[in-house]
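Number of protein chains: 2
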Amino acid sequence: MSMTRAASIKDVANHAKVAVGTVSNVLNYPDRVSKRTKERVLKAIDELGFVRNDAARQLRAGQSRTIGVVVLDVGNPFFTSVVRSAEDAAALNGSAVLLGDSGHDSDRESHYIDLFQEQRVQGLLISPVGDISERMEALRERGLPTVLLDRKADETGFSSVSVDDDAGGYLAARHLLDLGRRRLAFVGGPTSIRQVSDRLQGATRAVQEVSGARLEVLDSENMTVLAGRRVGNKLVERDPAERPDAVFCANDLIALGVMQSLTMMNGIKIPDDIALIGYDDIDFAVSAVVPLSSIRQPTEALGRTAIELLAEELDTQHPQHRAVVFTPELVVRQSTAGVGAPAVLTAVS
Amino acid sequence: MSMTRAASIKDVANHAKVAVGTVSNVLNYPDRVSKRTKERVLKAIDELGFVRNDAARQLRAGQSRTIGVVVLDVGNPFFTSVVRSAEDAAALNGSAVLLGDSGHDSDRESHYIDLFQEQRVQGLLISPVGDISERMEALRERGLPTVLLDRKADETGFSSVSVDDDAGGYLAARHLLDLGRRRLAFVGGPTSIRQVSDRLQGATRAVQEVSGARLEVLDSENMTVLAGRRVGNKLVERDPAERPDAVFCANDLIALGVMQSLTMMNGIKIPDDIALIGYDDIDFAVSAVVPLSSIRQPTEALGRTAIELLAEELDTQHPQHRAVVFTPELVVRQSTAGVGAPAVLTAVS
DNA sequence: TCGTAACAATGAAACGATTCAAAGTTCAGC
DNA sequence: GCTGAACTTTGAATCGTTTCATTGTTACGA
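Protein sequences appear in the order of chains A and B. For the first sequence, the numbering used here assigns the number 226 to the initial residue and increments by one for each residue that follows. For the second sequence, the numbering used here assigns the number 226 to the initial residue and increments by one for each residue that follows.
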C-alpha cells in the first residue's frame, strides 16, 4: 500500500502542471517564481509529501555541504567538546559535520577518510593516530582541504590547530615539583601517540630543571578509565616506599582510573601520599572523588578555529597555511593541592 | 594545478580502455571480470586516484546504507554509549549511522528528521523530545521504518526499545526509603520529558507506600551538570531543617551537579545529611567525589536491540511491531549507603 | 497600437554510478 | 573445424536534481 516509491520533483511538476525547472526554482530561488505558481507548487509538494533527494542534489552540485571530522576517541569528553564547537561553527556556514571515531586505530582512521572522500566532503578535520604524512600528501594532491586537529602540522602545506602539549606537560610536572614532590611518574600510552610523547617531553624538561627529581614512565595500553585503573592497581601492589609521590596522567580519563584504584586502597591518601594531575580538564574532573587538578585546553576555540582555517582554505585559491597553537592552563584542585584554594595558571608561551 | 575535477568511472574506463560497465563490475562484482582486465582497471584506478562518488551511487540505488539516529543529548554519556553500540550493530549489516543531537529541542529534532529523509536513510532511531505522534504518523505513511529509542511506543504500529523508567524511579526511591529516609526530593526537568515524568511517577508510587514519607519535586531547567549545580545551590541556601534528607536526580549529570554544590558546603555530609542517587550509571558515577549510587540501564543492549528491530522492519513486508522493555538495576555506592559494601539489585518486572 | 524591457516558465542536458539485455569471446568435446 | 555452453565485455538507459539558453507572457511608455 504505502510501498510506492518516494515522490520526485517530476511527480510534483506533473501534479502542479508546471515544468520541473519551475519546481526547482520554487525550492531554490522562490523569488524567480510568481506567487500563483509558487502556491500551486507548494500545495503539490505538500500533497505528495515530497522530500528533496539529497543524493541527486549533490551529484549535480559535485560537492556536499558536509565536513568530515575524524577524532581519536568519542568516549573522551575532550573530543566531544571540540566536535561540538566545530559543529556549531560549521552550521554558521551552512555545513554539517560527519563524525568518525578512529579509536586510535590507523585502519579505522583510513576507513573514515575513504568514506568521507566518497561522500565528497568539502574538507576534512583530522586528529591523526600516527604519522599520516603519506595519506595527507594524497589528500593534498586530490585537492581536498584538510586541517589537522590537536596536532601541529610539521610539514608545510597544511593548516593545524593544536595546544602546546610540551608546555602543558611542563606545566603539570612543574606544578608537582613546586609542591615539593620529587618522585614523579607519568602514565600514558602508547607513546606512539604524539600527544602522549609531547606531554611526556614537557614533563621531562621540567624534571631535569630540578636536581634530585626523577620521572618514571608507566605505560598504559590506551587512554581510557579502565587502562588507568590497571596502572593504578600496579601502583597499589607496590611496596609503599617504591611508589611515586606524584603522578601525572596523559589525560583525565586515565587519571580518574588511577584515582579509583588508589582510593580503593585505604592506606593511600590523595594528595598526601600521592598527588595526582590529569590533562584536558573534562567536566567530570571537578566532581571526582578527589577533585582532579588538570591541564585545561581551550576546546571551544580549537573546534571553532579548525573550521575557520578550513573555511579559509575553501575560499582562497592559494591559502596561507597556518599552524595555530593554543596555550594550555593549569587548573589546581584538591588532588594536588589538598584543601588549598583552587587557582588557574597559564603557561608562558 | 591540482584543481582538476575528481576522476569519474568514465575517466577510469577511458584510461584502461574498457567500458564503464566493466569498471563498475570490477568495483562491485570482481568475479565477473577476467584477471587481466581487472588488473588493468585497478591500475587505472590507482593512477587516477579514483574514488567512488557516493551520491551517484545512492541516487541510482534509491537508498543509502545509512541509518539516522536522533538523541536528546550527546553530552550525556548514556546516549553516547547507546549510540556506540548501535553503530557497532549497524556495521554488522554494512550500514553506517548518522547522528543528530536534538538537545531536547523539538525544532532541532524536526530539522534532523528532515535532513535524514533527504539523505534517504534506510530507517530512523529516535529518542523523542516530546509527543511526536503526528510526525511519526507521517514517517509511517512515507514508509520510513522508525524505532523509538528510550521511550515506549504508546501507539501501535511502532517498535521501540526502552527501559522501564517507572520501575527505575520506584527502585531509587524505595532504596532511599529503605535506608530510613523520609523527606525525599526529586530533581529533574522539564517534566515534559517523558523519562523525567516516568521516573518521578515511580518514585511517587514508592513514597506513597510508606506512611510519613514525603516527596518534594524540584524542577531543573534541563538535565546537565550545570542545572544540577543550580538546584544544589538552592538546597544549600535553605535552612538546614528545611532540607530533604535524600535526593533522587533524574540523571547522573544532575546528580553530579548537586553533589558539587553540596560538597562545597562544608556543613553538609553525603550521605549522612543528604543521601544522593542518580540515574544512568555513567562511567563517571563511580569516580565521583562521593561515589554515586545510581540506576543502571543496559545501554549496550538498548542500542543493539534498536538496530535489530529496525532490521526486522526493513526485512519484513508486514513486520510485527515490538515494544522491548528492559529492566533497570539499582547500583548502591557511598552516596546513599556510606562506607557499606556496594550491591546491585534488580527491579521486579 | 506597437516595441520592448522585465519577468516567468520551459525542458533538455548534465552530474556519475549501476544495471542488464545484448553482443562478443573462449574452449571443451566431438 | 564446428557447436554450444560458459564466461566476458559492452554501452545505453536510468536514478532525481540543478542549470541555463530559449521561449512565452505581461505591462508600460510612446
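Think of the CB as a built atom: it goes at the ideal place given N, C-alpha and C, for glycine as much as any other residue.
**Prompt:** Out of D389/A, M448/A, S436/A, T449/A, which has the shortest C-alpha to C-alpha gap to G427/A?
**Reply:** D389/A
**Asked** Could you give the residue range of the alpha helix (DSSP H) that holds V483/B?
**Response** 477 to 489
**chain A within 8 Å of Q283/B, Cβ atoms only** = yes
**Message:** Under DSSP, the alpha helix (DSSP H) around R529/B begins and ends at which residues?
**Reply:** 524 to 540
**Message:** Quick test of your reading: N250/B and R257/B, contact by CB under 8 Å. State the CB separation rounded to the nearest angstrom.
**Reply:** Indeed they touch by this definition, with Cβ atoms about 5 Å apart.
**Message:** Using only the alpha-carbon positions, how far apart do D464/A and G492/A sit?
**Reply:** 12 Å
**Message:** Check this for me: beta carbons of A471/A and L409/A, under 8 Å apart or not?
**Reply:** yes
**Message:** Here's the rule I'm using: 16 or more other beta-carbon atoms within 10 Å means buried, otherwise exposed. How should G457/A be labelled?
**Reply:** buried
**Asked** Should G382/B be flagged as near chain A, meaning a C-beta pair shorter than 8 Å?
**Response** no
**Item:** Residue span of the beta strand (DSSP E) that contains E554/B, given as start and end
**Value:** 554 to 557
**Prompt:** Within the 8 Å Cβ cut-off, does L555/A reach chain B?
**Reply:** Cβ-Cβ to chain B under 8 Å: no for L555/A.
**Prompt:** Do T371/B and G355/B come within 8 Å of each other at the CB atom, strictly closer than that value?
**Reply:** It is not a contact, given that the beta carbons lie outside the stated cut-off.
**Message:** For G393/A and G287/A, I'd like the C-alpha separation in whole angstroms.
**Reply:** 43 Å
**Prompt:** When the Cα of L374/A is compared with those of I520/A, D298/A, A280/A, which residue comes out closest?
**Reply:** D298/A
**For R454/A, the nearest candidate out of G563/A, D330/A, M484/A, Q522/A (CA to CA)** = Closest by alpha carbon: M484/A.
**Request:** State yes or no: is the beta carbon of A231/B nearer than 8 Å to at least one beta carbon in chain A?
**Result:** yes
**Asked** In chain A, which residues lie less than 7 Å from M484/B when you measure between Cβ atoms?
**Response** Ordered by position in chain A, the residues that pass the 7 Å Cβ test against M484/B are S512.
**Prompt:** List, in order along the chain, the chain B residues whose C-beta lies closer than 7 Å to that of L317/A?
**Reply:** Correct list: empty, because the minimum Cβ distance to chain B is about 15 Å.
**Asked** How many angstroms separate the CA atom of L267/B from the CA atom of I357/A?
**Response** 23 Å
**Asked** Out of curiosity, what's the CA-to-CA distance linking A452/A and A500/A?
**Response** In a straight line, the C-alpha of A452/A is about 19 Å away from that of A500/A.
**chain B contact for P516/A (CB, 8 Å cutoff)** = yes
**Prompt:** On the three-state DSSP scale, how would you describe R430/B?
**Reply:** helix
**Request:** Give the straight-line distance between the Cα atoms of K377/A and D326/B, rounded to the nearest whole angstrom.
**Result:** 30 Å
**Item:** Min CB distance L534/B to chain A below 8 Å
**Value:** no
**Asked** Cβ atoms of V514/B and S518/A: under 8 Å apart, would you say?
**Response** V514/B is positioned such that its CB atom lies no closer than 8 Å to that of S518/A.
**Request:** Could you check which residue in A314/B, F303/B, E264/B, T247/B has the C-alpha nearest to that of D505/B?
**Result:** F303/B
**Asked** Per DSSP, which one or two residues make a beta bridge with S233/B?
**Response** Paired residues: none, contrary to the question.
**Asked** How big is the Cα-Cα spacing for V243/A and G274/A?
**Response** When rounded, the distance between both Cα atoms is 17 Å.
**Asked** What residues from chain B crowd round N278/A, counting only those whose CB sits closer than 8 Å?
**Response** L284, E343, R345
**Asked** Do A315/B and I532/B have their C-beta atoms within less than 8 Å of each other?
**Response** yes
**Item:** Chain-ordered neighbours of D508/A on chain B, where CB pairs are closer than 7 Å
**Value:** V450
**Asked** Can you list the residues of chain A that V299/B reaches, using a CB-CB cut of under 7 Å?
**Response** Within chain A, the residues near V299/B are T305.
**Item:** Residue closest to V308/A, alpha-carbon to alpha-carbon, out of K494/A, Q545/A, D540/A, T530/A
**Value:** Distances from the alpha-carbon of V308/A to those of K494/A, Q545/A, D540/A, T530/A put T530/A closest.
**Asked** Name the DSSP beta bridge partners of V322/B, please?
**Response** In DSSP, V322/B forms a bridge with I292/B.
**Request:** Using only alpha-carbon positions, find the residue among P415/B, R230/B, L534/B that is nearest to R345/A.
**Result:** Looking at the Cα atoms, R230/B is the closest of the given residues.
**Test: L527/B CB closer than 8 Å to a CB of chain A** = no
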